[in-house]
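Throughout the sequence shown, residue numbering follows my numbering, covering 27 to 654 in sequence. Glycine residues also receive a C-beta, built at the ideal position from the N, C-alpha and C atoms. These notes are about the structure you will find just below.
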Amino acid sequence: MSVAKAMVHALRHRGPDAQGVMQFNGAVLGHARLSIIDLSEAGNQPFVSADGRYAIVFNGEIYNFQSLRTKLEGQGIRFRTQTDTEVVMALLAHEGLGAVQQLNGMFAIALWDNEAGTLDLIRDRIGKKPLYYTEQDGQLLFASELKALLACPNVPRDIRPDAVYDFFAYQYVPDPKTIFNNIYKLEPGSHLHRSRNGQIQIQRYWLPEMGEPEPITMEEAKGQLLDLIEDATKQRMISDVPLGAFLSGGVDSSGVVAMMAKGGNTVTTCCIGFNEKAYNEAEFAQAVARQYNTDHRLHMVKDGVAERLLEICQFLDEPFADSSLVPTFLVSELARQDVTVALTGDGGDEIFAGYEKYATDWRENQLRSKFPSSVRAVMGELAPALRKVPNKYVRRASSLMHSLSLNPAKAFYVTNTFIDDHIWQMLLNEDFRTALADYHPSELTERIYHQCDSKDHLARVLYTDMRTFLPGDILVKADRMSMANSLELRSPLLDYRIIEFANQLPSKLKFHKGNKKIILREALSPLLPPDILNRKKMGFSTPLAKWLRDELKTIAEDFLLHKAEGLAQIFNKDHIQLIWDQHQRGLFDHSPVLWSMLMYEIWWQNYMVSVTQKQTEPEWRADLASCF
Numbered sequence: 027m028s029v030a031k032a033m034v035h036a037l038r039h040r041g042p043d044a045q046g047v048m049q050f051n052g053a054v055l056g057h058a059r060l061s062i063i064d065l066s067e068a069g070n071q072p073f074v075s076a077d078g079r080y081a082i083v084f085n086g087e088i089y090n091f092q093s094l095r096t097k098l099e100g101q102g103i104r105f106r107t108q109t110d111t112e113v114v115m116a117l118l119a120h121e122g123l124g125a126v127q128q129l130n131g132m133f134a135i136a137l138w139d140n141e142a143g144t145l146d147l148i149r150d151r152i153g154k155k156p157l158y159y160t161e162q163d164g165q166l167l168f169a170s171e172l173k174a175l176l177a178c179p180n181v182p183r184d185i186r187p188d189a190v191y192d193f194f195a196y197q198y199v200p201d202p203k204t205i206f207n208n209i210y211k212l213e214p215g216s217h218l219h220r221s222r223n224g225q226i227q228i229q230r231y232w233l234p235e236m237g238e239p240e241p242i243t244m245e246e247a248k249g250q251l252l253d254l255i256e257d258a259t260k261q262r263m264i265s266d267v268p269l270g271a272f273l274s275g276g277v278d279s280s281g282v283v284a285m286m287a288k289g290g291n292t293v294t295t296c297c298i299g300f301n302e303k304a305y306n307e308a309e310f311a312q313a314v315a316r317q318y319n320t321d322h323r324l325h326m327v328k329d330g331v332a333e334r335l336l337e338i339c340q341f342l343d344e345p346f347a348d349s350s351l352v353p354t355f356l357v358s359e360l361a362r363q364d365v366t367v368a369l370t371g372d373g374g375d376e377i378f379a380g381y382e383k384y385a386t387d388w389r390e391n392q393l394r395s396k397f398p399s400s401v402r403a404v405m406g407e408l409a410p411a412l413r414k415v416p417n418k419y420v421r422r423a424s425s426l427m428h429s430l431s432l433n434p435a436k437a438f439y440v441t442n443t444f445i446d447d448h449i450w451q452m453l454l455n456e457d458f459r460t461a462l463a464d465y466h467p468s469e470l471t472e473r474i475y476h477q478c479d480s481k482d483h484l485a486r487v488l489y490t491d492m493r494t495f496l497p498g499d500i501l502v503k504a505d506r507m508s509m510a511n512s513l514e515l516r517s518p519l520l521d522y523r524i525i526e527f528a529n530q531l532p533s534k535l536k537f538h539k540g541n542k543k544i545i546l547r548e549a550l551s552p553l554l555p556p557d558i559l560n561r562k563k564m565g566f567s568t569p570l571a572k573w574l575r576d577e578l579k580t581i582a583e584d585f586l587l588h589k590a591e592g593l594a595q596i597f598n599k600d601h602i603q604l605i606w607d608q609h610q611r612g613l614f615d616h617s618p619v620l621w622s623m624l625m626y627e628i629w630w631q632n633y634m635v636s637v638t639q640k641q642t643e644p645e646w647r648a649d650l651a652s653c654f
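Structure, rendered in structure tokens:
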């Protein structure tokens, strides 16, 4: 039991209110609880059915649990608590695992059947809640974070080379891979079943669908969307603890706050600002806060970024380099001073085409269609030579020519990637080049792009981001940074009903000739002022290039040029020095790759240095063990 307790202890930040471990015949289940619904001890987990057959550990929230409970009570089922956990267990036990389709929420579920000796792991549709698993010596181990699995002495830390390349390309390791061999993420919308004899089967119970769009007018669409957003927000305001919202002043978060304020509710709102005007959204957030009379909290990021970065990275148990994790951590920390649950605008950009990259991709696609393939092939041949010219306009032309020479799927990968192929090849050492063989991260983007049923290019790129960027980056950042502060985040725009509705809309209602997120702006227009609806998107970003030349310069030099143990296994040290010097002198902006290197090396120092991997049998034995 001590190893299971160590797994729970590793996740205490996710659930500081109660920790529990139970051993069954063939299984050990553990749980760390953040109390949100039914704060009594009756809601502690693992939770066991009255007849002793089923046991469950569950991380997340089911927003429609009250209606499901009413339905089950009508069928004669009696409940001992007010929790959604008990409702989930009763629903799945009574109606079968197919009933997961009835759940509206975010969840990672493990259901143990004592009688059948089977285990079922289920992850929510879009991947809001994480679920890792590995098989070691005949045991199935699973947890909400990698660090809990790494608390087990028989779990090796063998780096997976293709996952390293994925990380530097995307700034995250995409599902189902992790940075380690033989440890995996259960993909969103998936169900893993383990039989009594240890056989594992994984199947998808939900995927975003992008078929032929349904015929609908703008008026009809915006009315239906507004109703869905209102209902999704109302469902996510059910809580037995204080609740607030993140407010950036953008369309998505402002729309959520406007919905929360309906009926005269006073909403606690939280915002992070920067001194650099190009990155500071505080004034827009304050305007929305004034309009809806919220109890507004603002924290300006002035200094101390380096010190906080090392603290923040303790909560990243595999490499992750979206720099907006810093303000996400800080706004979560700010919110946790007053609330336990916060609503966010996450999902609006991915579902309704809000990012500038979609406009860039559209413009390039328009240009691509104007050139014959022979001309585009010549562009591709000329681009590498122009890339070496130390002039930003020539380099931009080179990037455009390279993109135009590619097929649309590969070009979208280039739009998404954070490291150019020529920089990657220049940096690589020969040993790591050999380990990679012929692998290239674009394989993921191209494969998923072509799995989309729609022939429409925008539908395909949105589908690709929903399957990769959204769960792998946006939701990882939100989960880890909020849970680091024992704060629960809820995202109304990620309600699966909104996703399914949006996916059936014609692309022109989302994006048209450079105008982004059209339908969402139209739907929210009765609630938000024009200067919020129409302002240019800034994004939850950071002044990264500047930070690497001042606030983060010392720490970056230390990790990139002196410690650099993890980087030395991948890159040529002299070439790291070269791009560092070029960035410091202002010749090139190498901030994306330098930042990724910094985050990788910090992770390496936290998780790979001075780690004694005792390949010994634990003092307990069970076919599976878990910790949520």
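Given residue i as reference, the closest of the options once Cα atoms are compared
i: Ser-551; options: Tyr-465, Asp-278 and Ala-36; result: Asp-278
i: Gly-131; options: Leu-218, Glu-87 and Glu-121; result: Glu-87
i: Asp-266; options: Ala-571, Glu-514 and Arg-547; result: Glu-514
i: Thr-568; options: Ala-385, Tyr-626, Leu-335 and Val-502; result: Leu-335
i: Trp-621; options: Trp-450, Gly-612 and Phe-346; result: Phe-346
i: Gly-52; options: Gln-92, Arg-220 and Tyr-198; result: Arg-220
i: Gly-373; options: Ser-395, Met-623 and Pro-518; result: Pro-518
i: Glu-245; options: Met-115, Ala-423 and Leu-531; result: Leu-531
i: Cys-296; options: Lys-288, Lys-303, Ala-304 and Glu-309; result: Glu-309
i: Gln-250; options: Tyr-89, Val-331 and Leu-546; result: Leu-546
i: Ser-431; options: Pro-410, Glu-577, Arg-402 and Trp-138; result: Arg-402
i: Leu-254; options: Cys-339, Ser-216 and Ala-549; result: Ala-549
i: Arg-40; options: Gly-164, Gln-49, Val-619 and Ser-170; result: Ser-170
i: Thr-259; options: Asn-291, Pro-239 and Ile-228; result: Asn-291
Own chain partners of residue i with C-beta closer than 7 Å, once the 5 adjacent residues on each side are dropped
i: Lys-328; result: Asn-301
i: Ala-528; result: Ile-377 and Phe-378
i: Arg-575; result: Gln-610
Those residues which DSSP pairs with residue i across a bridge
i: Asn-719; result: The shown model of the chain, from 27 to 654, leaves out residue 719, and the question about it has no answer.
i: Ile-298; result: His-325
i: Met-285; result: For Met-285, which the question treats as bridged, DSSP gives no partner whatsoever.
i: Trp-138; result: Ala-81 and Leu-145
i: Gly-56; result: Val-47
i: Thr-160; result: Leu-167 and Ile-209
i: Gln-229; result: His-217
i: Leu-254; result: Looking at the DSSP assignment, Leu-254 forms no beta bridge with any residue, so it has no partner.
i: Arg-516; result: Leu-369
i: Phe-597; result: Leu-454
i: Ile-185; result: Phe-206
Residue i at chain D interface by Cβ criterion, 8 Å
i: Thr-243; result: Among the chains of the structure shown, chain D does not appear; only one protein chain is present.
CB contact flag (residue i, residue j, <8 Å)
i: Asp-192; j: Tyr-633; result: no
i: Thr-111; j: Ile-148; result: no
i: Met-33; j: Gly-69; result: no
i: Leu-145; j: Tyr-158; result: no
i: Thr-96; j: Asp-64; result: no
i: Leu-269; j: Ser-280; result: no
i: Tyr-318; j: Ala-368; result: no
Beta-carbon contacts of residue i that lie in its chain and below 8 Å, excluding the five residues immediately before and after
i: Thr-471; result: Ala-435, Lys-436, Phe-438, Tyr-439, Asn-442, Thr-490 and Thr-494
i: Met-236; result: Cys-478, Asp-479, Ser-480, Asp-482, Ala-485, Arg-486, Leu-488, Tyr-489 and Asn-529
i: Lys-203; result: Arg-186, Asp-188, Ala-189, Asp-192, Tyr-210 and Lys-211
Local conformation of residue i per DSSP, three classes
i: Phe-397; result: coil
i: Asp-482; result: coil
i: Phe-444; result: coil
i: Arg-40; result: coil
i: Val-74; result: strand
i: Glu-344; result: coil
i: Phe-105; result: coil
i: Phe-614; result: coil
i: Gly-122; result: coil
i: Gly-406; result: helix
i: Ala-271; result: strand
i: Glu-87; result: strand
i: Ala-131; result: First, the residue type needs correcting, since residue 131 is Gly and not Ala in the sequence shown. Three-state result, Gly-131: strand.
i: Arg-473; result: helix
i: Leu-432; result: coil
Own chain partners of residue i with C-beta closer than 6 Å, once the 5 adjacent residues on each side are dropped
i: Glu-645; result: Confidence is the limiting factor: at Glu-645 the pLDDT is only 39, short of 50, which leaves the residue's position unreliable, though a coordinate-based value still follows. Correct list: empty, nothing qualifies.
i: Lys-31; result: Val-47
i: Ala-116; result: Leu-98 and Ile-103
i: Phe-194; result: Ile-445 and Ser-622
i: His-322; result: Thr-295 and Ala-315
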